[in-house]
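Chains A and B, in that order, are what the protein sequence lines are.
If you count by numbering that gives the first Met the number 0, then the first sequence holds residues 0 to 239, one letter each, in order.
If you count by numbering that gives the first Met the number 0, then the second sequence holds residues 0 to 190, one letter each, in order.
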Amino acid sequence: MDHETIAGLIPAYALGAIDPDESQVVEAHLRSCPLCRALLVEHRNLADDLLFAMPPISAPVGLTERMQRRLASARAEVTPRPWWTRLRTGLLVPALASAILLLVITNVYWVGRTNRLEGGAAVQALPFPDLAGAPAVSLRSDPSAPKEQGVLYTSTDGAVALVCVYDMPALPADKTYQVWLLKDGSRESGGVFNVTDDGFGLLVVRPQDPLAKYNSVGITVEPAGGSPAPTSPHVLRGSL
Amino acid sequence: MASSEPDDGVLLQRIAAGDSNALLVLHKRYANLVYSMAWRVLQDVGLAEEVTQDVFMKLWQRSQRYDAGRGRFSAWLLSVTRFAAIDRLRQEGRRPSVVEQSGDDPDEQTSLEQLLPSDHASWERGQHLRLLLEELPSEQRQVVELAYFGGLTHSELASYLGLPLGTVKGRLRLGLEKLRALWLDAPEGKR
Chain A
0 MDHETIAGLI PAYALGAIDP DESQVVEAHL RSCPLCRALL VEHRNLADDL LFAMPPISAP
60 VGLTERMQRR LASARAEVTP RPWWTRLRTG LLVPALASAI LLLVITNVYW VGRTNRLEGG
120 AAVQALPFPD LAGAPAVSLR SDPSAPKEQG VLYTSTDGAV ALVCVYDMPA LPADKTYQVW
180 LLKDGSRESG GVFNVTDDGF GLLVVRPQDP LAKYNSVGIT VEPAGGSPAP TSPHVLRGSL
Chain B
0 MASSEPDDGV LLQRIAAGDS NALLVLHKRY ANLVYSMAWR VLQDVGLAEE VTQDVFMKLW
60 QRSQRYDAGR GRFSAWLLSV TRFAAIDRLR QEGRRPSVVE QSGDDPDEQT SLEQLLPSDH
120 ASWERGQHLR LLLEELPSEQ RQVVELAYFG GLTHSELASY LGLPLGTVKG RLRLGLEKLR
180 ALWLDAPEGK R
């Protein structure tokens, strides 16, 4: 290839737009041609200014807040994880389900006992869900996120659900996590909860209608005590 | 950028020391700029957001390292974003496209402060170049934009446009040479 032909490739070379075979020829030529090297500097300056030549567009609202959550999640991954999160998913669901069932049963038993000891107040029985083989909905920060950070279990009659989350950042004292059930554009609060230092949280949800009537579930961060409507983007969501 | 806020170099040092708040300050400072580049390449809101976040995560994880000796941080960040977005375009199997330019929009200009709080000069030069691109013949502008924002090489452009390789090479060379000539003729403050 002669000098003139190679010089004609310099503008495209500066843009990274020439094919590999041409690139080798150009690079060999540049080693011995100060004129082409000077031309390359000019076109690279142009390419650098083209970096700022796109139409200006504002990033979506809440992008920095979502970055903050992603950072928190990434930092949580490097800290030692509780044993239940190191189980393979195939083992996690039944293992966790059994652990939660035991926890719920135990708590129901002691709550019931306490109430009876305190004067026989009627114990509103907690119809704990039948977790073994219960339908489970994955909760993630984004539908395409590779990491599951929670599960929603449904009782067989759809009247009760159990929300379990893990690896979630602990919140300050004036904040809480709130569960929302979405149906045809309307939102219904499923309750509030907080997480342990290990990022584990649990909430029993009793929706107004059977769960099959809802489209999706979401979890947001709200002021302590909860809000009548979400005031921040979802940190976790799942499709029902 | 308020004068009390640390400059990019200080923030990058803090990020290297594990300060996530420093990354969030940098994110807030440059998210619009990075997103604009990602959107220009990908033309998709969701993908552009993912690439934007990925770029900052790579900065955090130090898999992308900025060398102050190689130019402005804003230019480096946009270059990383352009390559990341082009990679994502290819992974998704999507075709690059040319964006129809709008005229000078007062709303766009008033958003300059939001978009690039610290590097107005670079932004103004870039936006002037965007106007100069419109002065190119449409077939030259098309190959320049597809090469730069679509990451296409000569042979890929020929295949994409269904044109002979020689035609594509000629259009790209003429387009870039004309753009450079227009750029050199521009008033001093614009380049």
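A virtual CB, placed ideally from N, CA and C, is assigned to each residue, including glycine.
Note that the structure is a prediction, hence the values are computed from the model and not measured.
Asked                                                                                                                                                                                         : Found
By alpha-carbon positions, which one of L201(A), H233(A), D197(A) ends up nearest to A160(A)?                                                                                                 : L201(A)
Cα separation between G224(A) and H233(A)?                                                                                                                                                    : 17 angstroms
Closer than 9 angstroms by beta-carbon distance: list the chain D residues that pair up with D208(A), in chain order.                                                                         : Here the protein chains are A and B, and chain D is not one of them.
So, at 8 angstroms on beta carbons, what are the nonlocal neighbours of N214(A) in its own chain, with the 5 sequence-adjacent residues on each side left out?                                : L181, K182, D183, S238, L239
Please report how far the alpha carbon of G92(B) lies from the alpha carbon of P222(A), in whole angstroms.                                                                                   : 43 angstroms
Looking only at its own chain, which residues have a Cβ that is under 7 angstroms from the Cβ of R13(B), when we skip the five neighbours before and after it?                                : A21
Of the choices A172(A), Y165(A), L151(A), whose alpha-carbon is the least far from that of R205(A)?                                                                                           : L151(A)
Which bits of chain A does F204(B) rub up against, with CB to CB less than 7 angstroms?                                                                                                       : No answer is possible for residue 204(B): it lies beyond the span of chain B, which begins at 0 and ends at 190.
I56(A): which of R89(B), H119(B), L32(B), G161(B) sits nearest, CA to CA?                                                                                                                     : L32(B)
For N20(B) and chain A, any beta-carbon pair shorter than 7 angstroms?                                                                                                                        : no
Identify the contact partners of H42(A) in chain B, using a Cβ-Cβ distance below 8 angstroms as the criterion.                                                                                : L175, R179
Given that G125(B) touches chain A, what residues does it touch there, using C-beta distances under 8 angstroms?                                                                              : D48, L49, L50, F51, A52, M53
Within 7 angstroms (strictly less), CB to CB, does T4(A) reach chain B?                                                                                                                       : no
Could you name the residues of the same chain whose beta carbon sits closer than 7 angstroms to that of L173(B), not counting the 5 residues immediately before and after it, in chain order? : Q139
Could you name the residues of the same chain whose beta carbon sits closer than 7 angstroms to that of A84(B), not counting the 5 residues immediately before and after it, in chain order?  : M36, A37, V40, L41, V50
So, A157(B) versus L164(B), is the Cβ gap smaller than 7 angstroms?                                                                                                                           : yes
Just confirm the distance between the C-beta atoms of V194(A) and A169(A), as a whole number of angstroms; I'd bet it's less than 8 angstroms.                                                : 6 angstroms
Can you pull out the residues from the segment 39 to 73 of chain B whose beta carbon lies closer than 9 angstroms to at least one beta carbon of chain A?                                     : R39, V40, V44, G45, A47, E48, E49, T51, Q52, F55, M56, W59, Q60, G70, R71, S73
Would you mind reading off the limits of the alpha helix (DSSP H) that contains A15(B)?                                                                                                       : 7 to 15
Of all the CB atoms in chain A, is at least one closer than 7 angstroms to the CB of R129(B)?                                                                                                 : yes
Roughly how many whole angstroms lie between the Cα atoms of S96(B) and T166(B)?                                                                                                              : 19 angstroms
Going by C-alpha distance, which of G149(A), L50(A), P171(A) is nearest V178(A)?                                                                                                              : G149(A)
Which same chain residues, not among the five before or five after H26(B), have their C-beta less than 6 angstroms away from its C-beta?                                                      : F55
In this structure, does DSSP put R172(B) in helix, strand or coil?                                                                                                                            : helix
Does A75(A) have its Cβ less than 7 angstroms from a Cβ in chain B?                                                                                                                           : no
Going by the CB atoms, is the gap between Y34(B) and L76(B) shorter than 7 angstroms?                                                                                                         : no
Where do the N-terminal and C-terminal ends of the beta strand (DSSP E) with T4(A) fall, by residue?                                                                                          : Not the beta strand (DSSP E): T4(A) falls in the alpha helix (DSSP H), residues 2 to 14.
Could you give the first and the last residue of the continuous alpha helix (DSSP H) run that contains K57(B)?                                                                                : 44 to 59
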